[in-house]
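Visitor:
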Amino acid sequence: MSDTTIDTPVTDSITTSAEESADKPIENRNLLGAGHFIGAFSGEHVAGTEFVFGVTFVMWGAQAFDVVVGLVLGNIMAVLCWGLLCAPVATKTRLSLYALLEKVCGPKFCSLFNLINGLSFLLCGAAMITVSASAMRVLFGMQNNTAWYPQSIGFVVLACCIGMIVVYLAVAGFKRLSQFASICAPWLTLCFVLGGMLAFPYLAYVTLGQDSVSLSQIPSIAREFVWTGVTPDGRPSLSMWQIAAFAWGCNLPFHLSMGDMSILRFARKSWYGFFSAFGMFIGHTMAWCMAGLMGALAATALQKNILTIDSGDVAYQALGYIGILAVLLAGWTTSNPSFYRAGVAFQALTGSNSRTKTTVVAGIIGMVIGCFPFVFQYWMPLLAYVNLLSLPIGGILVAEFFILPKLNIARCWNEIKGQRLSKPAAVTWGLTVVLSYSAVLSGMIDLFYAFIPAFVFALVLYLVMVKMEASHITSDQETLYIAPPFDPSDVEEQEENQAHQVPFDIKLSKWIAIAALIVMAYMGIRAFNFHGNFVNELADFKTAVLIPTIIYFCSALYHVVKSDTGEE
1 MSDTTIDTPV
11 TDSITTSAEE
21 SADKPIENRN
31 LLGAGHFIGA
41 FSGEHVAGTE
51 FVFGVTFVMW
61 GAQAFDVVVG
71 LVLGNIMAVL
81 CWGLLCAPVA
91 TKTRLSLYAL
101 LEKVCGPKFC
111 SLFNLINGLS
121 FLLCGAAMIT
131 VSASAMRVLF
141 GMQNNTAWYP
151 QSIGFVVLAC
161 CIGMIVVYLA
171 VAGFKRLSQF
181 ASICAPWLTL
191 CFVLGGMLAF
201 PYLAYVTLGQ
211 DSVSLSQIPS
221 IAREFVWTGV
231 TPDGRPSLSM
241 WQIAAFAWGC
251 NLPFHLSMGD
261 MSILRFARKS
271 WYGFFSAFGM
281 FIGHTMAWCM
291 AGLMGALAAT
301 ALQKNILTID
311 SGDVAYQALG
321 YIGILAVLLA
331 GWTTSNPSFY
341 RAGVAFQALT
351 GSNSRTKTTV
361 VAGIIGMVIG
371 CFPFVFQYWM
381 PLLAYVNLLS
391 LPIGGILVAE
401 FFILPKLNIA
411 RCWNEIKGQR
421 LSKPAAVTWG
431 LTVVLSYSAV
441 LSGMIDLFYA
451 FIPAFVFALV
461 LYLVMVKMEA
471 SHITSDQETL
481 YIAPPFDPSD
491 VEEQEENQAH
501 QVPFDIKLSK
511 WIAIAALIVM
521 AYMGIRAFNF
531 HGNFVNELAD
541 FKTAVLIPTI
551 IYFCSALYHV
561 VKSDTGEE
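If you use full-length UniProt numbering, the sequence shown closes out at 568, no skipped numbers anywhere.
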């Protein structure tokens with residue numbers, strides 16, 4: 001974090017407009033720096049789903065070693081997909097996925113895919129509205145929703161209020177999303193760390209009768225009370241390879257199927273895709289583990305089966321009121337970009353000139369779905385099935401951009417032929433989806449593994465069919481616009497203007513925010529090392545930590561808003 005700003009953009013075109021074009025290459029002067037993508041990846045992937053997936057690994061009987069190693073392996077693969085596949089295509093074309101697919105597959109195919117992909121992002125945003133509402137219902141004393149439908153009018157009101165805020169932020173555009181994430185991400189990350197860390201002394205006190213816990217006891221507590229290798233309902237437990245496959249595939253529409261082209265097209269450099277590591281290892285490794293620990297704490301505190309508690313219960317029992325705020329904001333940081341992506345997809349589908357209108361419509365639909373907990377309750381298997389629908393696109397685009405040039409076949413050859421539908425793309429997508437679904441439903445392959453052979457099949461099938469149909473369209477006939485490398489001279493003058501002396505109040509607000517986080521961390525370490533009745537100590541911690549939390553958000557919000565006005 002610099003003394004000037006938190007990586008504000010170099011022009012006002014994205015700052016003041018919500019109408020980023022989905023079908024035209026992003027201009028060089030509108031590209032964004034590294035800080036935006038660190039904030040966006042960190043904020044989006046330290047999110048509401050972490051409370052769901054982290055606790056699910058506990059419910060499904062995973063062992064501690066399998067969880068840690070599996071998450072590391074799977075998330076390494078996910079980062080490589082972002083950095084080596086998605087980001088290079090995005091920065092070379094500067095197009096959204098939907099605009100690029102129209103060139104590769106034809107407009108008829110894109111209409112179907114845009115609908116499917118937009119709905120998948122919409123469902124993700126809706127599920128996170130449900131997660132946020134599950135936190136807020138704790139404050140109002142509402143019962144946990146155990147049915148697929150809302151069981152109280154109050155829950156519906158909460159979901160709608162949260163949905164309206166989420167849609168507003170999604171309409172505001174990518175820069176506003178990254179600003180919101182940059183404020184929430186450091187605090188959310190610390191909340192996950194503190195909640196998971198304090199689960200150890202709590203479990204030691206309540207289950208073992210110890211008035212303190214040592215670092216040497218952490219592995220044994222984790223194995224005995226958290227990741228036990230035994231499921232509450234007797235089902236087979238998850239293996240390391242299943243966890244690795246799920247970690248790799250859970251964000252498949254964003255990396256391997258290249259949905260994040262909608263965001264990475266703004267990146268100055270293709271290697272910004274590797275900043276996804278901030279989201280994967282902070283969010284999908286550390287936060288999932290910490291959420292599992294908090295889930296064990298909540299189940300013990302409530303004396304309930306872990307299968308019957310929700311994200312609101314988990315966060316409130318571990319962190320109190322800041323836990324409720326953490327779930328609320330974590331849900332927002334995922335639903336915001338999900339609705340943004342859905343708006344881009346539906347803009348391409350409808351041919352609308354206004355992303356604002358399509359985002360609002362998507363947000364309203366998502367808000368209604370978010371009132372029904374069924375999406376959230378069955379999110380893990382539903383996510384895996386939905387991901388298989390978009391998977392063939394990844395195989396098609398990898399073949400198109402990385403392999404066809406080596407075969408001397410023009411990229412976007414279908415556009416050159418003037419066809420409204422690419423038969424190789426349509427057959428590849430349809431056959432891959434049918435065969436992968438059939439293999440899963442017949443029990444031939446585990447749902448979490450299915451995307452790996454499906455991707456290979458789609459890649460090979462598409463190459464074979466293109467070789468048969470378009471081998472005569474050589475690379476010298478290619479018409480695809482390839483964006484030039486980022487030219488720093490386009491923004492040097494504006495960045496020099498931003499680099500002048502920063503007013504004292506903006507500098508001070510940044511350091512106050514940092515100091516507040518340090519105080520929170522100190523409080524957590526002090527509580528961890530407490531000797532005595534840890535139940536009372538945890539209650540005192542939950543109350544005391546509210547003060548630095550309020551100070552952090554006031555100072556961080558002031559810093560971002562004042563920096564953005566150009567006063568620095």
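Note that CB positions come from ideal geometry on N, CA and C, so glycine has one too. Only a predicted model underlies this, so the values are computations on that prediction, with no experimental measurement involved.
(1) Judging by CA-CA distance, which residue of Ser220, Cys105, Gly54, Leu169 is the nearest neighbour of Gly395?
(2) Candidates Gly154, Leu480, Arg420: which alpha carbon is nearest Met142's?
(3) Which residue comes first and which comes last in the alpha helix (DSSP H) that contains Tyr98?
(4) According to DSSP, which residues form a beta bridge with Ala244?
(5) On a Cα-Cα basis, can you pick out the residue from Met367, Trp248, Gly532, Lys423 that is closest to Ala133?
(6) Note down, in chain order, each residue of its chain lying with its Cβ closer than 6 Å to the Cβ of Ser555, except the 5 sequence neighbours on either side.
(7) By how many angstroms is the C-alpha of Ile263 removed from the C-alpha of Gly196?
(8) Could you give the first and the last residue of the continuous alpha helix (DSSP H) run that contains Trp379?
(9) Quick check on DSSP: helix, strand or coil for Ala204?
(10) Write down the C-beta distance between Gly370 and Ala185 rounded to the nearest angstrom, noting that I regard them as a contact closer than 8 Å.
(11) For Val10, name the three-state secondary structure that DSSP assigns.
(12) Evaluate contact between the segment 187-203 and the segment 312-329, counting only Cβ atoms and requiring at least three cross-stretch pairs below 8 Å.
(13) Write down every uninterrupted run of the alpha helix (DSSP H) in the segment 22-91 whose length is 4 residues or greater and which is fully enclosed by it, in chain order.
(14) Are at least three pairs of beta-carbons, each pair with one atom in the segment 79-96 and one in the segment 298-308, less than 8 Å apart?
(15) Report the partner residues of Ala267 according to the DSSP bridge assignment.
(16) Do you know whose CA, among Trp148, Leu158, Gly125, Ile547, lies nearest Ala135's CA?
(17) Could you tell me whether the Cβ atoms of Asn408 and Leu169 are closer together than 7 Å?
(18) Are residue 570 and Trp288 touching if we call contact CB-CB under 7 Å?
(19) For Arg94, tell me which candidate among Val52, Glu102, Leu31 has the shortest Cα-Cα distance.
(20) Taking buried to mean at least 16 other C-beta atoms within 10 Å of its own C-beta, is Trp187 buried or exposed?
(21) Output the distance between the C-alpha atoms of Asp3 and Arg268, rounded to the nearest integer angstrom.
(22) Within its chain, find whatever has a CB closer than 8 Å to the CB of Thr428; leave out the 5 residues flanking it on each side and keep chain order.
(23) Buried or exposed: which applies to Thr207, given that a residue is buried once 16 or more other Cβ atoms fall within 10 Å of its Cβ?
Guide: Taking the geometry as given:
(1) Within the sequence shown, residue 395 is the residue found at index 395, counting from 1. The candidate whose alpha carbon is nearest that of Gly395 is Cys105.
(2) Along the sequence shown, one-based indexing puts residue 142 at 142. The option with the nearest alpha carbon to Met142 is Gly154.
(3) In the sequence shown, residue 98 corresponds to position 98, counting from 1. 97-105 is the extent of the alpha helix (DSSP H) around Tyr98.
(4) Residue mapping note: residue 244 aligns to position 244 of the sequence shown, counting from 1. Paired residues: none, contrary to the question.
(5) To locate residue 133, count along the sequence shown from 1; it is residue 133. Among Met367, Trp248, Gly532, Lys423, the Cα nearest to that of Ala133 belongs to Met367.
(6) Within the sequence shown, numbered from 1, the residue matching residue 555 stands at position 555. Excluding residues within five positions, the ones whose Cβ falls inside 6 Å are Ser509, Ile512, Ala513.
(7) As a first step, residue 196 must be located in the sequence shown, where it is residue number 196. As a first step, residue 263 must be located in the sequence shown, where it is residue number 263. Going from the Cα of Gly196 to the Cα of Ile263 covers about 31 Å.
(8) Taking the sequence shown and counting its residues from 1, one reaches residue 379 at position 379. Segment 379-398, the alpha helix (DSSP H) holding Trp379.
(9) Position 204 of the sequence shown, counting from 1, holds the residue named residue 204. Three-state result, Ala204: helix.
(10) Within the sequence shown, numbered from 1, the residue matching residue 370 stands at position 370. Within the sequence shown, numbered from 1, the residue matching residue 185 stands at position 185. Between Ala185 and Gly370 the Cβ distance is about 23 Å, and since that is not below 8 Å, they are no contact.
(11) The residue given as residue 10 occupies position 10 in the sequence shown. In this predicted model, Val10 has a pLDDT of only 28, less than 50, meaning its place in the structure is not dependable; the value taken from the coordinates is given anyway. Residue state, collapsed to three classes: coil.
(12) yes
(13) 34-45, 48-59, 64-81
(14) no
(15) Against the sequence shown, residue 267 aligns to sequence position 267. Leu32, per the DSSP bridge assignment.
(16) Position 135 of the sequence shown, counted from the first residue, corresponds to residue 135. Nearest option by C-alpha distance: Leu158.
(17) Within the sequence shown, numbered from 1, the residue matching residue 408 stands at position 408. Within the sequence shown, numbered from 1, the residue matching residue 169 stands at position 169. No, Cβ-Cβ distance for Asn408 and Leu169 is not below 7 Å.
(18) With the chain running from 1 to 568 in the structure shown, residue 570 is simply not present.
(19) By 1-based counting over the sequence shown, the position of residue 94 is 94. Nearest C-alpha to Arg94: Leu31.
(20) Here the question's residue 187 lines up with position 187 in the sequence shown. Buried: at least 16 other Cβ atoms inside 10 Å.
(21) Here residue 3 refers to the residue found at position 3 when the sequence shown is read from its first residue. Here residue 268 refers to the residue found at position 268 when the sequence shown is read from its first residue. Note that Asp3 scores 35 on pLDDT, short of 50, meaning its location in the model is unreliable and no value can be drawn from it.
(22) Position 428 of the sequence shown, counted from the start, is the residue given in the question as residue 428. Only Pro392, Gly395, Ile396, Ala458, Leu461, Tyr462, Met465 meet the Cβ criterion.
(23) What you label residue 207 is simply residue 207 of the sequence shown in a count that begins at 1. By the neighbour-count rule (16 or more Cβ atoms within 10 Å), Thr207 is not buried but exposed.
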